[in-house]
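Protein chains in written order, with the numbering used here: chain E, 2 to 439; chain Z, 2 to 439. For each residue, glycine too, the CB sits at the ideal point set by N, CA and C. Below is one structure, written out as structure tokens, with a few remarks after it.
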């Protein structure tokens with residue numbers, strides 16, 4: 002059963018509320034739910050509409066590291082990083098893809114979201130899954146479909162770059178380049194999917210949001226487990242604390258993540274609501290969502306105190322290094338707005354200089370991630386300046402993706418120029434050792 | 002305490018046996034060791050010379066997914082894949098880097114391998130870590146050193162490409178380009194390290210081998226855990242079996258991995274020996290190591306029945322897509338040879354066409370990994386042809402790295418050309434749905 006967070010309307014299938022048009026999510030009954038003894042999307046099956054299979058890529062989705070990164074602490078704020086880039090295709094998208102593909106395989110049209118289409122198409126088991134993306138989500142869906150042996154249709158912009166195309170095409174999906182307003186394809190797909198027998202798992206589809214809840218559920222579980230062990234710190238579950246370890250609180254004080262469509266942000270909110278309803282956390286974390294200033298419709302709406310997000314027109318959108326989250330018309334933007342307010346968090350925007358600096362600092366701390374993910378550290382720094390986050394608080398930055406295509410093309414800021422060249426004979430001297438080569 | 006696998010000579014420090022010149026590894030006492038309740042390098046601390054810290058990147062090393070990939074089964078041989086590319090920097094190297102950096106931080110010169118240098122340098126706590134690499138190992142060492150706040154020196158070839166340099170430089174290590182025979186730098190580093198106060202953690206250093214043991218220990222633990230649950234299959238630890246699941250054996254029948262320096266292969270052997278000594282496995286898996294035909298000194302020695310690996314001269318080495326394992330002078334080649342024979346396994350070579358095909362097939366099953374890792378599937382197919390592996394056997398392919406720099410540059414074989422372009426208005430027809438756009 003699906004339900005609209007905004008008006009409470011229940012629906013048997015579909016992705017948007019028939020009444021108010023807001024995105025639907027799966028209703029769940031967290032009563033009696035307790036933390037599983039491990040992480041991973043499958044571990045949270047009791048809160049998911051369908052159980053992901055225990056073989057293939059789905060079995061590898063989630064269970065990402067949450068590490069304490071003291072080198073990134075911001076004036077006393079204790080920083081933890083959730084490394085979503087360690088998912089099998091390099092981003093958090095694998096969590097939603099695992100659940101989305103599993104639903105299609107289940108053959109239940111309602112669960113798969115292909116029943117009750119806006120065109121009133123008949124409810125039949127889907128023959129394929131699909132998505133509208135030319136980045137992480139496209140690669141993730143194509144990979145999970147390939148692993149499950151399900152056909153996959155990916156709608157990409159006609160002018161997609163070769164490297165992006167290669168990354169998706171490797172998994173063998175049907176790729177359709179669409180010439181026209183790419184932003185509207187999200188809605189076209191929902192409109193056509195049911196009749197086409199294609200279960201579209203887009204950025205904020207109920208199935209994807211269900212899978213992506215597990216990012217935050219894993220974070221909450223890790224803190225609860227660490228706190229349960231006296232002196233334990235997150236990352237030390239089951240281990241003794243370190244000298245530097247002050248005991249972690251039972252829940253993080255705040256979670257910071259990038260926001261684009263609003264799907265992952267909505268999922269974080271759902272996870273917090275479910276953990277609270279299950280009585281597993283008493284003091285829910287504040288949820289902060291960060292956008293790139295060049296394209297920040299959700300942050301703009303938050304700053305204005307609006308109740309809904311207004312779509313940005315083309316002339317209102319600029320270029321940004323965090324292109325993967327530059328969404329001028331976020332389908333779950335208004336839901337993300339609600340998530341931030343409901344948890345006493347906020348939505349903010351950071352400029353490209355701050356993002357580049359944060360990305361360099363993350364790399365200098367051992368974590369090379371995509372620019373979109375670096376917005377979290379840039380955002381935390383802004384929040385600290387504002388006094389929204391206090392010294393001693395534990396904050397989790399969700400590094401959503403490793404950034405294939407960014408991480409090894411270099412951004413010109415890696416300091417690669419600062420290298421020296423020596424001959425083998427000159428190596429000893431270069432290393433400060435007296436040479437014995439005569 | 003270190004010991005030589007070949008002549009049994011014990012040593013307090015150093016990396017190569019003072020008597021026979023073969024690589025040393027850490028002596029351990031597996032008696033009483035039992036499987037930990039989780040994966041990850043730190044979980045196996047009882048078998049490691051130093052405990053990796055519970056914060057930073059070290060806490061994220063290991064604990065990679067082992068998935069059943071039935072779509073890759075080879076004539077009845079059940080294929081499982083260990084996805085090492087999900088390590089924080091994208092390869093299994095993070096396991097050895099976590100242990101190597103931890104040893105340097107521990108300040109124990111002996112453990113860090115900087116005591117007893119061949120030049121008789123004094124044993125002092127190292128002031129930096131280092132490595133000789135321009136690929137996965139370099140990025141991994143630089144990242145782990147950065148995370149731990151330890152200086153890092155990376156020796157690279159003078160003609161290193163910009164993209165490779167960028168990937169390493171991002172973490173801020175001291176990069177020294179060395180003009181001359183790059184292959185000899187492995188020995189130069191061991192020679193100069195102690196006096197320079199640089200703990201070099203090269204491809205087969207005792208510390209790296211110790212950390213990389215955990216790849217195989219995790220595989221063995223997963224099979225043991227799955228078998229302990231009736232009907233359970235690997236990837237379903239703690240879950241009910243699936244319809245397709247025939248119960249896994251208590252140990253895999255064989256493990257297949259690429260071999261370059263021989264360090265990871267040696268580590269797999271050590272893991273099998275330790276698990277056997279601990280009484281945790283009764284029927285050790287056969288270890289198969291695969292090289293690219295263009296540069297296969299270990300496979301050549303195995304085929305000839307030699308007791309030692311002979312270094313290949315420049316004119317004996319060809320180009321290969323699996324360049325990251327093309328090592329003409331593998332420092333642990335002879336140890337890998339012994340590992341294969343001791344476990345009734347083998348070392349074999351596969352040509353680039355077979356590697357490319359295997360890599361495409363892995364991607365078509367949802368796993369995009371580097372060419373070097375695809376040699377495992379190509380190798381398994383050869384072994385099946387030869388009858389070395391039987392139908393019904395469970396074989397684990399170790400996919401050592403995701404292949405930054407390979408996965409998104411495309412290899413021209415992704416079929417990206419097979420795309421269609423339509424207008425938004427034509428999308429319905431393209432998806433087989435009657436258009437309503439009039």
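- In the structure shown, residue 289 (chain E) adopts extended strand secondary structure according to DSSP, grouped into three states.
- The three-state secondary structure of residue 93 (chain E), taken from DSSP, is coil.
- Just measuring C-alpha positions, the residue of E:248, E:169, E:181, E:138 sitting nearest residue 205 (chain E) is E:138.
- Straight-line measurement puts the Cα of residue 84 (chain E) at about 31 Å from the Cα of residue 4 (chain E).
- Annotation: residue 331 (chain E) to residue 184 (chain E) spans about 9 Å, alpha carbon to alpha carbon.
- Taking the Cα of residue 100 (chain Z) as reference, the smallest distance to any Cα among Z:51, Z:131, Z:90 is reached at Z:51.
- Scanning its chain for C-beta atoms nearer than 6 Å, with the 5 sequence neighbours on each side dropped, one finds around residue 222 (chain Z) the residues 36, in chain order.
- With respect to the 9 Å criterion, residue 296 (chain Z) and residue 337 (chain Z) are not classified as neighbours on the basis of their beta carbons.
- Per DSSP, the continuous alpha helix (DSSP H) segment holding residue 208 (chain Z) begins and ends at 207-229.
- Cβ-Cβ separation between residue 293 (chain E) and residue 340 (chain E): approximately 19 Å, too far for a contact (criterion under 8 Å).
- In chain order, 57, 58 place their CB closer than 6 Å to the CB of residue 148 (chain Z), counting only its own chain and leaving out the 5 sequence neighbours on each side.
- In the three-state DSSP reduction, residue 34 (chain Z) falls in the coil class, being neither helix nor strand.
- For the stretch 363-389 of chain E, the beta-carbon criterion of a distance under 8 Å to any beta-carbon of chain Z is satisfied by 364, 365, 366, 367, 368, 369.
- For the stretch 47-68 of chain E, the beta-carbon criterion of a distance under 7 Å to any beta-carbon of chain Z is satisfied by 54, 55, 56, 57, 58, 60, 61, 66, 68.
- If you draw a 10 Å sphere on the C-beta of residue 368 (chain E), you find 16 or more other C-beta atoms in it, and that means buried.
- Contact annotation, residue 154 (chain E) with residue 178 (chain E): C-beta distance approximately 12 Å; criterion of less than 8 Å not satisfied.
- Closer than 9 Å to the CB of residue 203 (chain E) there is not a single CB belonging to chain Z.
- The alpha carbon of residue 109 (chain Z) has as its nearest neighbour, out of Z:286, Z:195, Z:317, the alpha carbon of Z:195.
- Assigned with DSSP and collapsed to three states, residue 76 (chain Z) falls in coil, not helix or strand.
- Beta-bridge annotation (DSSP): residue 301 (chain E) is not paired with any residue.
- Going by DSSP, residue 153 (chain E) is part of the beta strand (DSSP E) stretching over 152-158.
- Under the DSSP assignment, residue 264 (chain E) falls outside any beta strand (DSSP E), being part of the alpha helix (DSSP H) whose first and last residues are 264-278.
- Approximately 5 Å separates the beta-carbon atoms of residue 25 (chain E) and residue 207 (chain E); this is inside 8 Å, confirming the contact.
- For residue 167 (chain Z), the three-state secondary structure derived from DSSP is helix.
- Residue 145 (chain E) is bridged by DSSP to nothing; it lacks a bridge partner.
- Around residue 180 (chain Z), the beta-carbon contacts reaching into chain E at under 8 Å are 422, 423, 424, 425.
- Beta-bridge analysis with DSSP links residue 424 (chain E) to Z:180.
- DSSP places residue 259 (chain E) in the uninterrupted beta strand (DSSP E) bounded by 255-259.
- Listed by position along chain Z, the residues whose Cβ is nearer than 9 Å to that of residue 148 (chain E) are 68, 70, 72, 366, 367, 368.
- Going by C-alpha positions, residue 398 (chain Z) is about 39 Å away from residue 422 (chain E).
- In this structure residue 114 (chain Z) is in contact with residue 200 (chain Z), their Cβ atoms being roughly 6 Å apart against a cut-off of 8 Å.
- Residue environment for residue 21 (chain E): exposed (fewer than 16 other C-beta atoms within 10 angstroms of its C-beta).
- Here residue 129 (chain Z) is near residue 151 (chain Z), since their CB atoms are less than 9 Å apart.
- Cβ contact annotation for residue 77 (chain Z) (same chain, cutoff 7 Å, sequence separation greater than five): 392, 393, in chain order.
- Nearest CB-CB separation between residue 356 (chain Z) and chain E: not below the 9 Å threshold.
- Between residue 43 (chain E) and the set E:90, E:16, E:96, E:72, the nearest pair of CA atoms involves E:96.
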